[in-house]
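Trainee: Questions regarding the structure given below will be posed in turn.
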Amino acid sequence: MTIKRSIWLALLVVLPATVFAQMTAEEVVRRLEKNEVYTSSKSSGKLLITNQFGTKTKTFTAASQGAEKLLLEFTNKEERGQKILRLNDQIFVYYPRSNSVVSMQGGALKDSIFGSDFTYEDLTGEKSILNLYKVEFAQPSTETVDGVQCYHLRLTGITSVAYPFQELWVETARLVRRKAVFFSLTREPLKEMEVKETKEVSGKIFPSRFVITDLIKKNSSTEFALDSIQINPRLDARQFSLERLKF
Amino acid sequence: MVKVNHVVKNYTIGKLEVHALRGVDLEIKDGEFMSIAGPSGSGKTTLLNLIGCLDACTGGDILIDGESIGGKKRDERALLRRRKIGFVFQSFNLIPVLTAYENVAFALSLLKTGPGETRERTMKILEEVGLTGLEKRFPNELSGGQQQRVAVARALVKKPTLVLADEPTANLDSDTGREILKLMEDLNRTHGTTFVFSTHDPMVMDFAHRLVLLHDGAIVSDKAKK
Amino acid sequence: MKIASIALRNIFRNKWRSFLSLSAIALVTFTIVFLFAIMEGMKLDQRTTMAKFATGDARIRNAGFEKYQFIAPEEFMIPDYDKAIAALRADPAVETAVGRFQFPAQVAVKWEVIFGMNWPGETNSTLATGLDFSDEKSFFSLASYLVPGGRLPGQGEILVSGGFAKKFNLKPGDSLILYSGGTWGQQDAVLKISGIVALPLAQLNVNSIYMALSAAQNLLLRQGQAEEILIRFKPGVAVGDAVAAVRTALARNGFKDLDVKPWNEIGNAGTFIDLASKIYYFMAFFFFILGTTVIINTTMMVIYERMREIGTLRAMGMTGPEMIRLFFMEAFFIGAAAAFVGVILGSALILPLSVSGVDFGKLIDLGKTNLDISDVIYPQLNLVSTLFVFFYSTAVSSLISFIPTRRAAKIEPVEALRSI
């Protein structure tokens, strides 16, 4: 799932600031992904969900371990205590008021999370871009995005993927994602992701604020902003278990 | 007065053309009591139908009281019949749902005759044909002779120029037939109404005052008897 | 001797055949009268049902609600609904006004407890409604539909409809978990069933659940708001004028962007009934045609049977139009008598049924249809439509006789006389 890569992994990505002068497109992606490896993270932040009727803010804390375990807990008033737990490819939602757990399956995975431009499905799946897409440089291979020089990559799906085509801009200097546009099979642009701010934590660069815009719906966008990030903190591994969801 | 001027009548039956009348000329004066006779297929019924405006000529013309019927449409001929022609049929043809009285009165109602006059004329003619007391009977409650008397009354009640009778006695025994002919003869005399009847019965021919013989669609003889 | 009386006597010539014609037309007329009465009953039912359950005499919603109800209904609520209700009640034309909250919800009726948490296996779609039970007493009085052993719900409690309770074997005292699916997130609650309501509307009875308005507001975090306000006007009030007055009153009290609609402009159920009536009229027309083929057939037979009589009448000087009139009169008398019999029989059946009602719920499972009608329909005898059926039936069955009779008028008298 590529959108997941753009969003959730980008959130937790750690990248070296090394610059490679002459790299192939695959090399750029490989560098990008290699540096998205970490043992654990802990963060807090907010989702600003905007549609034609206005903006809603959801606050959350997030913890992750490896690439397979993720726990989100919402802290805003309306959804306080609601949790989303990802264990490998399974998604569980905990509702505190009824003390109930719903396992998200089938069509429900395609539901939007709180009206945002994320779906539950975006939280699952874990495959390298290179397993899913053929990657090549656009012509020209570099382009400036908001004054920052980036590699401009074109991704073409080689297997069944949600977005058959993507364009990806990766900063040449820091090798972090800057922007991505997701296309349909008919090459209609569907969504756009743009990194607005980055934050350096423990010597690594995080996209601390980025915006996903739905290019089909009018006035629909979701902004993801991290207030705090900790890399490789000491985490209680048991919190990524069903037994502990209610606590 | 009826004038038949060189009347031709052809039928087509399937692909076959039948020449029923091959140029008939005839003049029937008012008050005549006449018979058209001839063997079967000689054209007597056809001629009667043409005179009675029931059918249209293929050629020639017929004038009734000087009025040509050749160019008339179906309903115009109907109105002419209503006023001027009475019919007596071989099998009586009374309207079964009407009583003897009503059968006769119906001929007047078609002429929009007022109720008083209708009653008076109907009762009188029924008396003349000898049916007093049987006015309320329906046709199926009357004998053949009685039915034919009603038919004669029906034909005469409207005081027509002409009464046409197609084999009027064919469905009656000879005594009753003679009675009917006698009745018609009496009425011819008292009312002065013209009677034309078709027949192949010698007894009927005897009664006629003028006998026209048809053969193969043409008049072969025309003689006054009385 | 009038043509009419000849026609009348002709009818009695073959009593059985005339009786057959008469029966066919009478049966059709009877059926149509009955169908129309059912239709009228449905319309009346629709009116009262709509008023009670869905529309009131008029309904107030946020102006944007209708357009956006499937995208973001919660953005288009009535704020300060208490204030709006108070303003409405001050209007002398208004008998009562009630606020409601209606929202789709997923309901889990059973679950396992694992690690001290509830794990529902599956959820079912329901339509939840929050009602102010004391305000609704004279409106949609749920208390009157309560199955014995139940009571109206308080906070944390819920009423479930009979069909839903039956399907999942629920009884008062059982609990369920409700998830309300909003655009911006889901709210959830464990609710205890305080009672079961057997609703007369099949569709509602299948999957509706009811809670106190305040409970719904709390659950959805929409305190002080309502989705809609239903108004019932006092008897004799002209709805159109009253709606205009309500609009003015709301505007004067500072309510903007509210949409006040009279009941007949709401939804498509009314349109459905109208459409159904049109289909019924169409069906009625074809029924008549079917019934009148008997008349055509009979008239044709009569013409052939009376061929010589026709010849005689033509010879006597009857014209084509007079001939047509004779046969038309026969059909007309049979048609009129049949229509009369049909109307009388139909009315005789409907009058008792209009009191006792017809339980369609027993005949077909209305819950599976999308009809907003009650199980029990009270057929209504409408004088105008019954008279219409009478005249229509008479007219069609007599006019149809023109088809064979026109032929009779064209027959040459010689040919007619020749036939035996």
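Chains as they are written, first to last, in the numbering used here: chain H, 1 to 247; chain S, 1001 to 1226; chain F, 2001 to 2420. By construction, the Cβ of each residue, glycine as well, lies at the ideal position given by its N, Cα and C atoms.
Sorted by chain position, which residues of the same chain lie with C-beta nearer than 7 Å to T198 (chain H)'s C-beta, five sequence neighbours on each side aside?
Mentor: Mapped onto the first sequence, residue 198 (chain H) falls at position 198. Excluding residues within five positions, the ones whose Cβ falls inside 7 Å are V176, I205, F206, P207 and S208.
Trainee: Given a limit of 9 Å on CB to CB distance, which residues of the region 80-114 of chain H reach chain F?
Mentor: Flagged, chain order: Q82, V93, Y94, Y95, P96, R97, S98, N99, S100, V101, V102, S103, D111, S112, I113 and F114.
Trainee: Closest by CA to E243 (chain H), which one among H:T59, H:V101 and H:S40?
Mentor: Counting from one through the first sequence, the residue named residue 243 (chain H) turns up at place 243. Checked all of H:T59, H:V101 and H:S40; the closest Cα to E243 (chain H) is H:V101.
Trainee: For P96 (chain H), which three-state DSSP category applies?
Mentor: By 1-based counting over the first sequence, the position of residue 96 (chain H) is 96. Coil at P96 (chain H), not helix or strand.
Trainee: Pull up the distance between the alpha-carbon of G2181 (chain F) and that of G115 (chain H), whole angstroms please.
Mentor: Indexing the third sequence from 1 puts residue 2181 (chain F) at position 181. Indexing the first sequence from 1 puts residue 115 (chain H) at position 115. Taking the straight line from one Cα to the other gives about 11 Å.
Trainee: Let me see if you follow: with CB-CB separation under 8 Å, is E78 (chain H) close to chain F or not?
Mentor: Position 78 of the first sequence holds residue 78 (chain H). True, the Cβ-Cβ gap to chain F drops below 8 Å.
Trainee: Leaving out five residues on either side along the sequence, give the residues of the same chain with a beta carbon under 6 Å from the beta carbon of A225 (chain H).
Mentor: The residue given as residue 225 (chain H) occupies position 225 in the first sequence. Counting only Cβ-Cβ distances below 6 Å, and skipping sequence neighbours, we find G45, K46 and R209.
Trainee: Considering just the uninterrupted stretch of the beta strand (DSSP E) at N1227 (chain S), what are its terminal residues?
Mentor: With chain S covering only 1001 through 1226, there is no way to say anything about residue 1227 (chain S).
Trainee: Just how far apart, CA to CA, sit L190 (chain H) and S41 (chain H)?
Mentor: Residue mapping note: residue 190 (chain H) aligns to position 190 of the first sequence, counting from 1. Residue mapping note: residue 41 (chain H) aligns to position 41 of the first sequence, counting from 1. Between L190 (chain H) and S41 (chain H), the C-alpha separation is close to 30 Å.
Trainee: Going along the chain, which residues of its own chain have a beta-carbon closer than 6 Å to the beta-carbon of W2119 (chain F), five neighbours each way excluded?
Mentor: Here residue 2119 (chain F) is taken as the residue at index 119 of the third sequence, counted from 1. Contacts found: W2111 and E2112.
Trainee: Using the Cβ count rule (16 or more neighbours within 10 Å means buried), how would you classify M2329 (chain F)?
Mentor: Here residue 2329 (chain F) refers to the residue found at position 329 of the third sequence. Buried: at least 16 other Cβ atoms inside 10 Å.
Trainee: When DSSP labels each residue in this structure, what does P189 (chain H) get in the three-state scheme?
Mentor: Taking the first residue of the first sequence as position 1, residue 189 (chain H) is located at position 189. The answer is strand: DSSP assigns P189 (chain H) an E or B state.
Trainee: Counting only the same chain and skipping the five closest in sequence on each side, list residues whose C-beta sits under 8 Å from that of Q1147 (chain S).
Mentor: Counted from its first residue, the second sequence places residue 1147 (chain S) at position 147. Closer than 8 Å at the Cβ level, and outside the excluded window around Q1147 (chain S), lie F1092, L1094 and P1139.
Trainee: Assuming contact is defined by CB atoms lying nearer than 8 Å, are P2413 (chain F) and I2303 (chain F) in contact in what I supplied?
Mentor: In the third sequence, counting from the first residue as 1, residue 2413 (chain F) sits at position 413. In the third sequence, counting from the first residue as 1, residue 2303 (chain F) sits at position 303. No, the pair does not count as a contact, with Cβ atoms beyond the cut-off.
Trainee: Is the beta carbon of T213 (chain H) less than 8 Å from the beta carbon of F118 (chain H)?
Mentor: The residue labelled residue 213 (chain H) in the question sits at position 213 within the first sequence. The residue labelled residue 118 (chain H) in the question sits at position 118 within the first sequence. Not in contact: T213 (chain H) and F118 (chain H) (Cβ atoms no closer than 8 Å).
Trainee: Could you give the residue range of the beta strand (DSSP E) that holds Y151 (chain H)?
Mentor: The residue given as residue 151 (chain H) occupies position 151 in the first sequence. Taken as a continuous stretch (DSSP letters only), the beta strand (DSSP E) holding Y151 (chain H) covers V148 to G157.
Trainee: Just reading off the alpha helix (DSSP H) that T1058 (chain S) is part of, what are its end residues?
Mentor: Counting from one through the second sequence, the residue named residue 1058 (chain S) turns up at place 58. Note, T1058 (chain S): premise wrong, no alpha helix (DSSP H); not H, not E.
Trainee: From this set, S:M1034, S:S1109 and S:G1041, which residue's C-alpha is nearest G1217 (chain S)'s C-alpha?
Mentor: Counted from its first residue, the second sequence places residue 1217 (chain S) at position 217. Comparing Cα positions, the closest option is S:G1041.
Trainee: Would you kindly work out how many angstroms separate the C-alpha atoms of A62 (chain H) and Q239 (chain H), rounded to a whole number?
Mentor: Within the first sequence, residue 62 (chain H) is the residue found at index 62, counting from 1. Within the first sequence, residue 239 (chain H) is the residue found at index 239, counting from 1. Cα to Cα, A62 (chain H) sits roughly 11 Å from Q239 (chain H).
Trainee: Could you confirm whether any beta carbon from chain H is found closer than 8 Å to the beta carbon of L2201 (chain F)?
Mentor: Working through the third sequence from its first residue, we reach residue 2201 (chain F) at position 201. Not an interface residue.
Trainee: Drop a sphere of 10 angstroms on the beta-carbon of Q2046 (chain F), count the other beta-carbons inside from all chains shown, and report buried for 16 or more, exposed for fewer.
Mentor: Taking the first residue of the third sequence as position 1, residue 2046 (chain F) is located at position 46. It counts as buried.
Trainee: Do the region 2068-2081 of chain F and the region 2210-2226 of chain F meet, that is, are 3 or more Cβ pairs less than 8 Å apart?
Mentor: Contact between the region 2068-2081 of chain F and the region 2210-2226 of chain F is present, because at least three Cβ pairs lie under 8 Å.
Trainee: For the region 2107-2190 of chain F, which segments carrying the beta strand (DSSP E) assignment without a break, of at least 3 residues, lie completely within its bounds, in sequence order?
Mentor: The qualifying runs are 2111-2114, 2117-2120, 2124-2131, 2157-2161 and 2175-2182.
Trainee: With a threshold of 8 Å between beta-carbons, can V1002 (chain S) be considered close to chain F, or not?
Mentor: Residue mapping note: residue 1002 (chain S) aligns to position 2 of the second sequence, counting from 1. No, because no Cβ of chain F sits closer than 8 Å to the Cβ of V1002 (chain S).
Trainee: Note down, one range per segment and in chain order, each alpha helix (DSSP H) of at least 4 residues found wholly within the region 2202-2261 of chain F.
Mentor: Runs found: 2202-2207, 2213-2219 and 2239-2252.
Trainee: Which class does N219 (chain H) belong to by DSSP, given the choice of helix, strand or coil?
Mentor: Position 219 of the first sequence, counting from 1, holds the residue named residue 219 (chain H). Three-state DSSP puts N219 (chain H) in coil, outside helix and strand.
Trainee: Determine the DSSP secondary structure at V1097 (chain S), reduced to helix, strand or coil.
Mentor: The sequence position of residue 1097 (chain S) within the second sequence is 97, counting from 1. Three-state result, V1097 (chain S): coil.
Trainee: If you draw a straight line from the C-alpha of K2067 (chain F) to the C-alpha of R2061 (chain F), how long is it?
Mentor: Indexing the third sequence from 1 puts residue 2067 (chain F) at position 67. Indexing the third sequence from 1 puts residue 2061 (chain F) at position 61. The alpha-carbon atoms of K2067 (chain F) and R2061 (chain F) are separated by roughly 11 Å.
Trainee: With DSSP collapsed to three states, give me the class of Y38 (chain H).
Mentor: Residue 38 (chain H) sits at position 38 when you count from the first residue of the first sequence. Note: Y38 (chain H) maps to coil in three-state DSSP.
Trainee: Counting only beta-carbon atoms, is L1162 (chain S) nearer than 8 Å to chain F?
Mentor: Your numbering for residue 1162 (chain S) matches position 162 in the second sequence. It does not: the Cβ of L1162 (chain S) has no partner Cβ on chain F nearer than 8 Å.
Trainee: Thinking L2199 (chain F) and N2207 (chain F) are a contact (beta carbons under 8 Å), I'd like their distance in whole angstroms, please.
Mentor: As a working note, residue 2199 (chain F) is residue 199 in the third sequence. As a working note, residue 2207 (chain F) is residue 207 in the third sequence. The pair is not a contact, with the Cβ atoms about 11 Å apart (cut-off 8 Å).
Trainee: Is it buried or exposed for S2134 (chain F), if we count other Cβ within 10 angstroms and need 16 for buried?
Mentor: For the purposes of this step, residue 2134 (chain F) is taken as residue 134 along the third sequence, with counting starting at 1. Result: exposed.
Trainee: Less than 6 Å between C-beta atoms, sequence neighbours within five positions excluded: which residues of the same chain meet that for I2324 (chain F)?
Mentor: One-based indexing of the third sequence puts residue 2324 (chain F) at position 324. Excluding positions up to five away in sequence, the list reads T2405 and A2409.
Trainee: Quick check on the burial criterion: 16 or more other C-beta atoms within 10 angstroms. Buried or exposed for D2375 (chain F)?
Mentor: Residue mapping note: residue 2375 (chain F) aligns to position 375 of the third sequence, counting from 1. Answer is buried; the Cβ neighbour count reaches 16.
Trainee: Mind pulling the chain H residues with CB within less than 7 Å of G2185 (chain F)?
Mentor: If you number the third sequence from 1, residue 2185 (chain F) lands on position 185. Near G2185 (chain F) (Cβ distances below 7 Å), the residues of chain H are E78, E79 and F114.
Trainee: What is the DSSP secondary structure of K1084 (chain S), reduced to helix, strand or coil?
Mentor: In the second sequence, counting from the first residue as 1, residue 1084 (chain S) sits at position 84. DSSP places K1084 (chain S) in helix when its eight states are reduced to three.
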